[in-house]
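Counting from 11, one number per residue, gives the positions in the sequence shown under this note's numbering.
We put the CB at the ideal spot given by N, CA and C, even for glycine.
Right, one structure below, let's go through it.
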Amino acid sequence: MAFTSKQSLLNHKNGVHLNSNKNFKCFWPKCQFKTLSKSALKVHQLKHSELKQFKCDFNNCNKTYRRASNLFRHKNSIHSNVRFMCDFNECHKSFTTKHYLFRHKSCVHLKERKFKCNEENCGKKFNTKSDLIRHKRIHSGEKPFICNFSNCNKGRSLGYQFY
Numbered sequence: 011m012a013f014t015s016k017q018s019l020l021n022h023k024n025g026v027h028l029n030s031n032k033n034f035k036c037f038w039p040k041c042q043f044k045t046l047s048k049s050a051l052k053v054h055q056l057k058h059s060e061l062k063q064f065k066c067d068f069n070n071c072n073k074t075y076r077r078a079s080n081l082f083r084h085k086n087s088i089h090s091n092v093r094f095m096c097d098f099n100e101c102h103k104s105f106t107t108k109h110y111l112f113r114h115k116s117c118v119h120l121k122e123r124k125f126k127c128n129e130e131n132c133g134k135k136f137n138t139k140s141d142l143i144r145h146k147r148i149h150s151g152e153k154p155f156i157c158n159f160s161n162c163n164k165g166r167s168l169g170y171q172f173y
């Protein structure tokens with residue numbers, strides 16, 4: 011069995027062949043999540059929970075979140091005074107990180123998609139070379155990532171298939 015990306019191969023191996031080693035299983039009905047660690051199971055189970063234990067402590071803000079990382083993101087985007095302004099004409103957008111500003115400029119103003127598929131009747135463009143390479147595997151049928159488990163006959167033509 012072969013896959014178009016290393017991530018697809020890892021997802022396949024973990025989801026199909028290594029399930030027997032995963033001792034921690036989600037108790038939620040119809041959820042088949044399994045993991046090797048108790049802490050990963052706890053993080054996963056927050057998805058099912060209504061409990062939002064992380065509360066914003068800014069004045070008059072009653073936002074609550076299941077994860078500390080989401081509260082941190084909220085505080086930076088809503089309550090932080092640090093902003094990165096777009097300097098293109100008539101664009102007054104501001105961003106909480108330089109990364110978001112750069113991504114905005116590249117996609118909105120510069121429309122940078124410098125990696126173009128040269129297949130006949132395609133012409134799709136991509137921001138990164140790796141995205142173009144992964145896309146081209148659709149046309150060629152190439153699956154360079156091989157599953158080495160015996161009797162494995164599952165195949166994937168696209169990357170990032172999750173189980």
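Taking DSSP as the reference, what is the three-state secondary structure of residue 98?
-> In the three-state DSSP reduction, residue 98 falls in the coil class, being neither helix nor strand.
May I have a chain-ordered list of the alpha helix (DSSP H) segments no shorter than 4 residues that lie completely inside the stretch 44 to 95?
-> For the stretch 44 to 95, whole alpha helix (DSSP H) runs of length 4 or above, ordered along the chain, are 48 to 55 and 78 to 84.
Alpha helix (DSSP H) containing residue 123: first to last residue?
-> Annotation for residue 123: no alpha helix (DSSP H) segment contains it, and DSSP assigns it neither H nor E.
Could you give the DSSP three-state label for residue 15: helix, strand or coil?
-> The three-state reading of DSSP puts residue 15 in coil, since its state is none of H, G, I, E or B.
How many whole angstroms separate the CB atoms of residue 34 and residue 47, which I take to be in contact at a CB cut-off of 8 angstroms?
-> Rounded to whole angstroms, the Cβ separation of residue 34 and residue 47 is 7 angstroms, and the two are in contact under 8 angstroms.
Verify whether the separation of the beta carbon atoms of residue 62 and residue 74 is less than 8 angstroms.
-> Contact check for residue 62 against residue 74 passes: the beta carbons are separated by less than 8 angstroms.
If residue 92 sits next to residue 106, beta carbons under 8 angstroms apart, how far is it from one beta carbon to the other, in whole angstroms?
-> Right, their Cβ atoms sit about 7 angstroms apart.
Strand pairing of residue 105, partner residues [DSSP] = Residue 105 has 94 as its beta-bridge partners, per DSSP.
Going along the chain, which residues of its own chain have a beta-carbon closer than 7 angstroms to the beta-carbon of residue 161, five neighbours each way excluded?
-> There are no such residues.
Which of helix, strand or coil does DSSP assign to residue 34?
-> DSSP places residue 34 in strand when its eight states are reduced to three.
For residue 135, the residue or residues it bridges with in DSSP = Looking at the DSSP assignment, residue 135 forms a beta bridge with 126.
Cβ distance (whole Å) where residue 145 is taken to contact residue 157 below 8 angstroms = Between residue 157 and residue 145 the Cβ distance is about 22 angstroms, and since that is not below 8 angstroms, they are no contact.
Let me know the secondary structure DSSP gives residue 112 once reduced to three states.
-> Reduced to three states, the DSSP call for residue 112 is helix.
Determine the direct distance from the alpha carbon of residue 82 to that of residue 59, and round the result to whole angstroms.
-> Cα-Cα distance, rounded: 19 angstroms.
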